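Peer 1: Quick note on numbering: numbering that gives the first Met the number 0 labels position 37 of the sequence shown as 36, and the sequence is numbered without any gaps.
Take this structure, written in structure tokens, and hold onto it; I'll ask about it next.
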Amino acid sequence: MGRRGIKEFRAPEALALVAADRDRKPLVCPSCGTATISRTPRRPPPDAPLELGRIALLCSKCGRSAAYLPRAPDPSRSPESPYHPPGAS
Ligand SMILES: [Zn+2]
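In structure tokens:
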């Protein structure tokens with residue numbers, strides 16, 4: 000047995016969750032499918048300056064966690080551009 004209590008998302012799950020947070024979309028656990036993700040620090044208001052430092056995302060239901068370091072927004076992606084989520088037609 001490894002360390003108990005700490006589970007991490009699989010890489011694709013963590014990437015999906017991080018992408019959702021970067022896009023300021025609702026955070027839904029990619030592993031258990033519930034909206035029980037707690038974000039540390041809390042998501043700032045839209046007019047807040049760019050965050051620096053580690054952002055941790057933890058699902059309080061299944062206990063999986065992910066963390067990432069924010070980067071400057073990609074200038075090629077405009078907030079006004081329509082977003083088509085995978086699977087939507
Ligand atoms: Zn979960």
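All residues carry an ideal CB built from backbone N, CA and C; glycine is no exception.
What you are looking at is a predicted structure, and each value in this text was computed from that prediction instead of being measured.
1. Ligand 1 and residue 41: does any heavy atom of the ligand fall closer than 7 Å to the residue's C-beta?
2. What do you get for residue 36, buried or exposed, if any count of 16 or more other CB atoms within 10 angstroms of its CB means buried?
3. Can the beta-carbon of residue 63 be found less than 8 Å from the beta-carbon of residue 7?
4. Is residue 60 close to ligand 1? I mean its beta-carbon at under 7 Å from any heavy atom of the ligand.
5. Per DSSP, which one or two residues make a beta bridge with residue 56?
Peer 2: Quick answer:
1. If you number the sequence shown from 1, residue 41 lands on position 42. It does not: the Cβ of residue 41 is nowhere closer than 7 Å to a heavy atom of ligand 1.
2. On the sequence shown, residue 36 is found 37 positions in, with the first residue counted as 1. Buried, since its Cβ has 16 or more Cβ neighbours within 10 Å.
3. Position 64 of the sequence shown, counting from 1, holds the residue named residue 63. Position 8 of the sequence shown, counting from 1, holds the residue named residue 7. Cβ distance < 8 Å, so residue 63 and residue 7 count as in contact.
4. Residue numbering aside, residue 60 sits at position 61 when the sequence shown is read from its first letter. Flag set: Cβ of residue 60 near ligand 1.
5. Translated into the one-based positions of the sequence shown, residue 56 becomes position 57. Answer by DSSP bridge pairing, in chain order: 38, 65.
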